[in-house]
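Peer 1: Per our numbering, the sequence shown starts with residue 18, numbered consecutively.
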Amino acid sequence: MKNPRKPSSTESSLFLSIDPEPIAETLTSMGGVPLLVRAYRSLGLPAMVREHVEVKQRERGLDEAEMVESIVVLNAMGGECFDDFLRLREDAGLKEMLGHGIPSPDAARRFLYQFHEQDKIEEAKQGRAQGQIAYIPEENAALAGLGRVNHELVKELGRRCPDQRIATVDQDATIIESSNCAALRTYEGERGYQPMLAVWAEMNVVLADEFRDGNVPAMMDPLAVAKRSFAALPETVTTYYFRGDSACHECNLVDWLGDENRADGPHGPIGFAISARMSVALHEAIEKLDESAWELYGKPHPEQIRECAEVAFVPGEKSEKKDTQPLRYLAIRIRDRQETLFADGSKVKHFAVVTNIDKWKPSRLIEWHREKAGTIEGVHDVLKNELAAGIMPTKYFGTNAAWLRLAVLTYNLLTALKRLALPAEYLTARPKRLRFLIFNTPGRLVHHARAILLRLAATAERLAELLQAFNLLPLRA
């Protein structure tokens with residue numbers, strides 16, 4: 018006969034009741050946020066914002082730097098809309114820790130409205146070529162200024178990490194779905210936007226972002242984003258690379274990357290690898306390859322055979338210029354080990370990569386090119402699913418562009434915090450991990466001798482980490 022089981026504590030009522038009176042002390046559930054704000058101020062962001070972003074017309078209320086700081090905190094804490102500022106305002110201790118108020122949803126909305134300028138939209142529409150539907154509006158002064166703030170943040174981070182002398186720029190667009198009535202349909206059919214971003218792979222920071230309507234094709238003027246990306250790199254970088262998908266296989270961008278005396282960019286070589294658009298001529302050249310030309314690449318796949326080969330090919334389409342120094346084309350062949358058909362009915366899939374790097378073996382270059390999926394696609398995922406970029410707040414193009422750019426700024430600030438101040442094990446931590454371990458630490462604010470002391474509910478080891486991080490982020494004089 019079995020012994021009777023001990024009742025579980027989960028089967029009984031809670032041994033507490035909730036006091037209807039609010040607590041008299043100043044408490045916070047966000048005791049780790051001061052570390053984020055310390056990074057914001059240590060890197061000089063307040064001065065950058067006040068220099069480049071001037072939108073306020075009245076002296077009262079939060080200034081531009083305080084407003085940007087508040088939106089960064091909203092992103093870092095997981096907020097995703099204007100109304101989420103109400104949750105931040107409920108935390109009595111947060112205002113005291115920041116030293117300024119938290120904007121109301123209406124105040125934040127009015128601030129971001131000033132990044133939209135309808136005249137820029139109309140100018141872009143009028144400037145379209147005959148028969149062209151898509152357009153990319155010029156940014157107004159406030160939005161462009163916010164972009165310069167991000168560039169200066171990246172440069173400051175680079176100066177504090179001078180040993181990182183290699184920069185690989187990964188560029189790609191992503192789709193942000195939106196039910197806004199002004200959002201246009203993407204190539205996948207849903208309404209939304211299709212911004213293009215470029216990431217410094219080695220440092221995991223966003224170098225440039227360009228907000229775009231959903232109907233703007235990814236291959237429309239990728240050179241503009243690439244130029245801004247390389248311009249954002251710090252002077253400590255001496256070696257440059259570029260990786261992109263087939264949207265970057267565009268003659269102006271390819272020519273610019275291959276020109277060592279390029280305008281609006283660093284002089285010297287930029288080694289690049291770009292997914293080639295599969296033209297009829299390229300496909301025919303690949304099919305003519307001898308079987309002995311193919312070799313396996315990458316780790317063995319349980320279901321597929323993956324091979325690569327060098328292919329002699331000179332583009333002849335009008336959309337591509339013949340290069341003075343022919344580029345190198347590498348073919349990729351994927352087959353099913355069971356010889357089953359792919360969804361389109363074919364037994365073999367072909368892809369290609371175009372590059373100006375001639376010293377690497379095909380297998381090494383293809384594997385290196387494919388690494389971009391782990392960088393920029395990961396950044397897209399974090400921006401849309403862990404920061405606030407996945408939900409566009411308004412129908413106004415410029416406001417949504419600023420909303421995305423502020424999420425980018427938050428992403429880069431979190432990267433800077435991890436690289437400059439936190440222990441090495443935090444380097445791969447995503448925002449939700451930082452919230453769990455640091456930002457959502459409960460605390461009590463104690464007022465003594467006209468100073469505020471924050472007492473955190475954390476272990477001695479955790480407190481030691483936070484204090485060390487604070488010391489590694491000195492405030493500017």
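No residue lacks a Cβ here, since even glycine has one placed at the ideal position from N, Cα and C.
Output the distance between the C-alpha atoms of residue 339 and residue 315, rounded to the nearest integer angstrom.
Peer 2: Confidence at residue 339 is low in this model, with a pLDDT of 49, below 50, so the placement of that residue should be treated as unreliable; the coordinate-derived value is given next. For residue 339 and residue 315, the distance between alpha carbons rounds to 31 Å.
Peer 1: Would you list the residues sitting across from residue 327 in a DSSP beta bridge?
Peer 2: Bridge partners of residue 327: 347.
Peer 1: Please report the distance separating the alpha-carbon of residue 247 from that of residue 216.
Peer 2: Each residue's alpha carbon lies about 10 Å from the other.
Peer 1: By a C-beta neighbour count over all protein chains shown, 10 Å radius and 16 as the cutoff for buried, is residue 176 buried or exposed?
Peer 2: Exposed: under 16 other Cβ atoms inside 10 Å.
Peer 1: Are residue 225 and residue 199 close, meaning C-beta to C-beta below 8 Å?
Peer 2: Contact flag unset, no.
Peer 1: Just checking, does the segment 80 to 94 make contact with the segment 120 to 131 on the three C-beta pairs under 8 Å criterion?
Peer 2: Output reads yes: the segment 120 to 131 touches the segment 80 to 94.
Peer 1: Quick one: what does DSSP say residue 435 is sitting in, helix, strand or coil?
Peer 2: Residue state, collapsed to three classes: helix.
Peer 1: Let me confirm a value: residue 477 is counted as buried when at least 16 other C-beta atoms fall within 10 Å, else exposed. Which label applies?
Peer 2: Exposed, because fewer than 16 other Cβ atoms sit within 10 Å of the Cβ of residue 477.
Peer 1: With 16 as the cutoff for other CB atoms within 10 Å, does residue 258 come out buried or exposed?
Peer 2: Result: buried.
Peer 1: Mind checking residue 148: buried by the 16 CB within 10 Å criterion, or exposed?
Peer 2: So residue 148 counts as exposed.
Peer 1: Residue 45 and residue 114 look like a contact to me (Cβ under 8 Å); what is the Cβ gap, rounded to whole Å?
Peer 2: Contact flag correct, Cβ pair sits at about 7 Å.
Peer 1: So who's on the other strand from residue 228, going by DSSP bridges?
Peer 2: None, per the DSSP bridge assignment.
Peer 1: Using CA atoms only, rank isn't needed, just tell me which of 458, 493 and 151 is closest to residue 50.
Peer 2: When each option's Cα is compared against that of residue 50, the closest is 458.
Peer 1: Taking the Cβ atom as the reference point for each residue, do residue 71 and residue 83 lie within a distance shorter than 8 Å?
Peer 2: Not in contact: residue 71 and residue 83 (Cβ atoms no closer than 8 Å).
Peer 1: Could you compute how far the alpha carbon of residue 337 sits from the alpha carbon of residue 479?
Peer 2: Because the pLDDT of residue 337 is 49, which lies under 50, any placement of that residue in the model is unreliable, and the question is left without a value.
Peer 1: Cβ of residue 228 within 7 Å of any heavy atom in the ligand FMN?
Peer 2: For the structure depicted, the ligand FMN is absent and the ligand set is empty, with no information on it obtainable.
Peer 1: Within its chain, find whatever has a CB closer than 8 Å to the CB of residue 353; leave out the 5 residues flanking it on each side and keep chain order.
Peer 2: Result list for residue 353: 320, 321, 322, 359 and 364, in chain order.
Peer 1: Look at the alpha carbon of residue 348 and the alpha carbon of residue 330, and state the distance between them as a whole number of angstroms.
Peer 2: In a straight line, the C-alpha of residue 348 is about 10 Å away from that of residue 330.
Peer 1: Which residues in the same chain as residue 130 place their Cβ atom closer than 6 Å to its Cβ, once the five residues preceding and following it in sequence are excluded?
Peer 2: These residues qualify, in order along the chain: 416.
Peer 1: Distance, Cα to Cα, residue 47 vs residue 481?
Peer 2: Each residue's alpha carbon lies about 18 Å from the other.
Peer 1: Quick one: what does DSSP say residue 189 is sitting in, helix, strand or coil?
Peer 2: Residue state, collapsed to three classes: strand.
Peer 1: List the endpoints of the continuous alpha helix (DSSP H) containing residue 118.
Peer 2: That residue, residue 118, is in no alpha helix (DSSP H); it is neither H nor E in DSSP.
Peer 1: Mind checking which residues open and close the beta strand (DSSP E) that includes residue 469?
Peer 2: Counting along the chain, the beta strand (DSSP E) containing residue 469 begins and ends at 468 to 473.
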